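Every position in the sequence shown, counted from 1, becomes a number in the numbering used here once 53 is added. Virtual Cβ for every residue (Gly too), placed ideally from N, Cα, C. Keep in mind the model is a prediction, meaning the values are calculated, not measured.
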Amino acid sequence: MDADENTAITRVLMFPWLGYGHITPYLELAKKLTTRGFFIYLYSTPATLRCMKQKRKTFSHSIKLVPLLLPNLRGLSRRFYTTNGLPPNLMPKLKEAFDLSAKGFSYMLAFLKPDLLIYDFLQPWAPMVAKERNIPAVEFITSSSTMTCFMFHYFKNPEEKFPYSEIYFRDYESSNMRRLLDCASNPKERDMASEGVERSCNIVLIKGFRDIEDKYIDYVTSLVGKKFVPVGPLVQEPIADEKDDGSSEIFSWLEKKEKKSTVFVSFGSEYFLTKEDIDEIAHGLELSKINFIWVVRFPKGENGRNGLLQKTLPKGFLERVGERGKILQGWAPQTKILRHDNTGGFVSHCGWNSVIESMNFGVPIIAVPMHLDQPINARLVEEVGVGIEVVRDRNRKLHRETLAAVIKQVVMEDCGEAVRQKAAFMSEKLKSKGDQEIEEVVKELVSLRNLETRAKSRISLCY
Ligand code: UDX
Numbered sequence: 054m055d056a057d058e059n060t061a062i063t064r065v066l067m068f069p070w071l072g073y074g075h076i077t078p079y080l081e082l083a084k085k086l087t088t089r090g091f092f093i094y095l096y097s098t099p100a101t102l103r104c105m106k107q108k109r110k111t112f113s114h115s116i117k118l119v120p121l122l123l124p125n126l127r128g129l130s131r132r133f134y135t136t137n138g139l140p141p142n143l144m145p146k147l148k149e150a151f152d153l154s155a156k157g158f159s160y161m162l163a164f165l166k167p168d169l170l171i172y173d174f175l176q177p178w179a180p181m182v183a184k185e186r187n188i189p190a191v192e193f194i195t196s197s198s199t200m201t202c203f204m205f206h207y208f209k210n211p212e213e214k215f216p217y218s219e220i221y222f223r224d225y226e227s228s229n230m231r232r233l234l235d236c237a238s239n240p241k242e243r244d245m246a247s248e249g250v251e252r253s254c255n256i257v258l259i260k261g262f263r264d265i266e267d268k269y270i271d272y273v274t275s276l277v278g279k280k281f282v283p284v285g286p287l288v289q290e291p292i293a294d295e296k297d298d299g300s301s302e303i304f305s306w307l308e309k310k311e312k313k314s315t316v317f318v319s320f321g322s323e324y325f326l327t328k329e330d331i332d333e334i335a336h337g338l339e340l341s342k343i344n345f346i347w348v349v350r351f352p353k354g355e356n357g358r359n360g361l362l363q364k365t366l367p368k369g370f371l372e373r374v375g376e377r378g379k380i381l382q383g384w385a386p387q388t389k390i391l392r393h394d395n396t397g398g399f400v401s402h403c404g405w406n407s408v409i410e411s412m413n414f415g416v417p418i419i420a421v422p423m424h425l426d427q428p429i430n431a432r433l434v435e436e437v438g439v440g441i442e443v444v445r446d447r448n449r450k451l452h453r454e455t456l457a458a459v460i461k462q463v464v465m466e467d468c469g470e471a472v473r474q475k476a477a478f479m480s481e482k483l484k485s486k487g488d489q490e491i492e493e494v495v496k497e498l499v500s501l502r503n504l505e506t507r508a509k510s511r512i513s514l515c516y
């Protein structure tokens, strides 16, 4: 490789799925790459890019936000062109509109002429479109390697048990397992999920780091015959100016609490709790007698609706907990809360970003997984030792007493000391290792670009 090849700017079009939990790690990867000479186009719908506005001051002008225009579909207005706050019944419509955007995407590639495409797992058509334009494409998966290899294991060997016994679905999660096996036995669905990986040039990028997922990264690499390259934790830095996100009241409240005395309770950017779970969580928080900040979310348009919160929470709950608890509606400055010294636990659904953010700030996890990859991530949290899961009963009912007991154990009781220590240790480890993974990612991407530059039309090299 000559010097020019090393220093030439690589222009990358990044194309994440339309979720906050997806675009955030893409942005964090973009930030790391731009400090190493890359130029990034971050391509997404205006509704998804809106959350980047507040973060604008945290990234350089080498990241350009490019609006993705979806075709109009009846019943799906523009404010729903993002999974954040999307009513669940509209998810299939959003996916349909997204798939129909392939043509516009092709024009965008022709217009911007990037050297490389980085795409998400929900659009196996994107690398095909790029191939038509001789642009190499690499997949970047924002889920854990643990979930990804669990899925590919059952795609390849549906009859064989997963070889690592710590990772499994519980009996009451049989619908998750059934869904996975249905997908494995249905060539159309299975191939659709596999194609994204197969079409990725030489490598697949994945959010995570070897210290906690070593064997799962190696296993998925051997299962799909393509090198999985972890990109590191990619945690978003809390935004410095507290006034911007309207959260200063929460922080003056949190400031008055004791060190590590408060739990943060949140279930991600997409999930809406059932009425039954809301009841058990509220009573569980009450029984635990521990301070809490709880983000309660409703589908877009319903947040802030008069009296909805009061109607949803158990009668008299807010009065009974008084100064001990704070409820935020819709959204919380999560990383800023996790970073705060007085936060001592995170009641989390175990979305992959939340898990890694918690590890990064040394906050032990009280795991309450809901669906998708979350149960598998929760098993990993226990395997690593940074949290304890709140196990439901065989009918999938969450019990307030169990939740309260696990919160107390993780936050204050002697029997939770090992978990607290492991969480603190993990945070130190993450701080000390810096950007190791990114150097490897840069090397891989630059060598891919150089291969491409040397011989104009060798997409066949890639797949
Ligand atoms: C989705 C899936 O639900 C999850 O299972 C998968 O692992 C990733 O995609 P989401 O549910 O949003 O993600 O959870 P998570 O991965 O934890 O990402 C949420 C992100 O939004 C985190 O970065 C978190 O800090 C941020 N967030 C969420 C806030 O800043 N404030 C909030 O109120 C809610």
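Residue from the options with nearest C-alpha to residue i
{"i": "residue 497", "options": "251, 230, 283", "result": "283"}
{"i": "residue 127", "options": "343, 112, 147, 109", "result": "147"}
{"i": "residue 325", "options": "355, 300, 437", "result": "355"}
{"i": "residue 441", "options": "306, 211, 403", "result": "403"}
{"i": "residue 261", "options": "494, 501, 502, 425", "result": "494"}
{"i": "residue 415", "options": "431, 429, 433, 438", "result": "438"}
{"i": "residue 103", "options": "76, 125, 81", "result": "76"}
{"i": "residue 66", "options": "100, 137, 191, 94", "result": "94"}
{"i": "residue 535", "options": "132, 121, 137", "result": "Any question about residue 535 goes unanswered here, given that the chain covers just 54 to 516."}
{"i": "residue 265", "options": "166, 482, 63, 96", "result": "482"}
{"i": "residue 88", "options": "115, 100, 172, 70", "result": "115"}
Within-9 Å CB hit, residue i to chain B
{"i": "residue 119", "result": "No chain B appears in the structure shown, which is made up of a single protein chain."}
Closer than 8 Å: residue i CB and nearest the ligand UDX heavy atom
{"i": "residue 446", "result": "no"}
{"i": "residue 386", "result": "yes"}
{"i": "residue 529", "result": "Not covered by the structure: residue 529. The range shown for the chain is 54 to 516."}
{"i": "residue 320", "result": "yes"}
{"i": "residue 432", "result": "no"}
{"i": "residue 407", "result": "yes"}
{"i": "residue 227", "result": "no"}
{"i": "residue 315", "result": "no"}
{"i": "residue 75", "result": "yes"}
{"i": "residue 350", "result": "yes"}
{"i": "residue 139", "result": "no"}
{"i": "residue 381", "result": "yes"}
{"i": "residue 201", "result": "no"}
{"i": "residue 196", "result": "yes"}
{"i": "residue 425", "result": "yes"}
{"i": "residue 324", "result": "yes"}
{"i": "residue 442", "result": "no"}
Residues of its chain near residue i, where Cβ-Cβ distance is below 8 Å and the 5 sequence neighbours each way are ignored
{"i": "residue 362", "result": "349, 380, 382"}
{"i": "residue 152", "result": "176, 178"}
{"i": "residue 435", "result": "219, 420, 441, 442"}
Rounded C-alpha distance that separates residue i from residue j
{"i": "residue 475", "j": "residue 388", "result": "19 Å"}
{"i": "residue 168", "j": "residue 90", "result": "13 Å"}
{"i": "residue 162", "j": "residue 78", "result": "22 Å"}
{"i": "residue 118", "j": "residue 369", "result": "46 Å"}
{"i": "residue 267", "j": "residue 310", "result": "38 Å"}
{"i": "residue 295", "j": "residue 106", "result": "With a pLDDT of 46 at residue 295, under the threshold of 50, the predicted position of this residue should be treated as unreliable, though the coordinate-derived value follows. Cα-Cα distance, rounded: 15 Å."}
{"i": "residue 464", "j": "residue 341", "result": "10 Å"}
{"i": "residue 480", "j": "residue 409", "result": "10 Å"}
{"i": "residue 399", "j": "residue 164", "result": "45 Å"}
{"i": "residue 503", "j": "residue 486", "result": "28 Å"}
{"i": "residue 491", "j": "residue 124", "result": "36 Å"}
{"i": "residue 303", "j": "residue 460", "result": "21 Å"}
{"i": "residue 211", "j": "residue 200", "result": "15 Å"}
{"i": "residue 312", "j": "residue 392", "result": "12 Å"}
{"i": "residue 417", "j": "residue 159", "result": "44 Å"}
Cβ shell of residue i (< 7 Å), same chain only, five flanking positions each side left out
{"i": "residue 367", "result": "332, 335, 336"}
{"i": "residue 373", "result": "339"}
Spatial neighbours of residue i in its chain, beta-carbon cut-off 6 Å, leaving aside the 5 residues before and after
{"i": "residue 140", "result": "352"}
{"i": "residue 233", "result": "207"}
{"i": "residue 427", "result": "402, 403"}
{"i": "residue 249", "result": "174, 177, 192"}
Decide yes or no for the touch test of the segment 444–458 against the segment 220–234: beta carbon pairs closer than 8 Å, at least 3 of them.
Under the Cβ criterion (8 Å, minimum of three pairs), the segment 444–458 counts as touching the segment 220–234.
Between the segment 193–205 and the segment 267–282, can you find at least three pairs of beta-carbon atoms closer than 8 Å?
Taking 8 Å as the limit for Cβ pairs, the verdict is that the segment 193–205 does touch the segment 267–282.
Count Cβ pairs between the segment 285–292 and the segment 308–318 that sit closer than 8 Å; are there 3 or more?
Output reads no: the segment 308–318 does not touch the segment 285–292.
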